[in-house]
């Protein structure tokens, strides 16, 4: 006997219980999928700042940094190396005077501060994870590298 006939032959009370069982199963399935999606999103949000910090440390310790602070062309080359990192939304390199040498952006354009002194006020209004890394420049004052993580879920 097919399922449809069995359901038609059931009393009304049992039909209501079967419908309630199907509804509850659907709600639980959707709630579990939502929870799993939220947990994944939160874990990605927690990983982005750590990854930005790691990238920043690597760059500030490599010899790439000294060359990058001397010219916009060298700064562009350094930022081009960062472009392959998926969760990175934008990056900017500031020289030891605080002027922005170069910036790199992926996706829709962001208004990054032109001068390092404006960075703190900009970060107050920015909802994405950001990291500022000090980039040493020999005996001179250091430059700075701004890294901005994407707020979207990775593919």
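Numbering (my numbering), first residue to last: 141 to 295. For every residue, glycine included, the Cβ atom is placed at its ideal position computed from N, Cα and C.
Can the beta-carbon of residue 283 be found closer than 7 Å to that of residue 275? In contact: residue 283 and residue 275 (Cβ atoms closer than 7 Å).
Taking the alpha helix (DSSP H) that residue 245 belongs to, which residues open and close that run? Not the alpha helix (DSSP H): residue 245 falls in the beta strand (DSSP E), residues 240–245.
Rounded to the nearest angstrom, what separates residue 82 and residue 213 at their Cα positions? Shown here, the chain extends from 141 to 295; a query on residue 82 therefore has no answer.
Check residue 229 in the structure and name its three-state DSSP category. Of the three classes helix, strand and coil, the one that applies to residue 229 here is strand, per DSSP.
Hey, would you say residue 277 sits closer than 7 Å to residue 209, going by beta carbons? In contact: residue 277 and residue 209 (Cβ atoms closer than 7 Å).
By the 10 Å Cβ neighbour count, where 16 or more other Cβ atoms means buried, how is residue 244 classified, buried or exposed? Buried, since its Cβ has 16 or more Cβ neighbours within 10 Å.
Distance between residue 215 and residue 261 (C-alpha atoms, nearest Å): A straight line joining the alpha-carbon of residue 261 with that of residue 215 spans about 24 Å.
Please report the Cβ distance between residue 231 and residue 219, rounded to the nearest whole angstrom; I am assuming they are in contact, meaning their Cβ atoms lie under 8 Å. Residue 231 to residue 219, Cβ: 5 Å. Contact.
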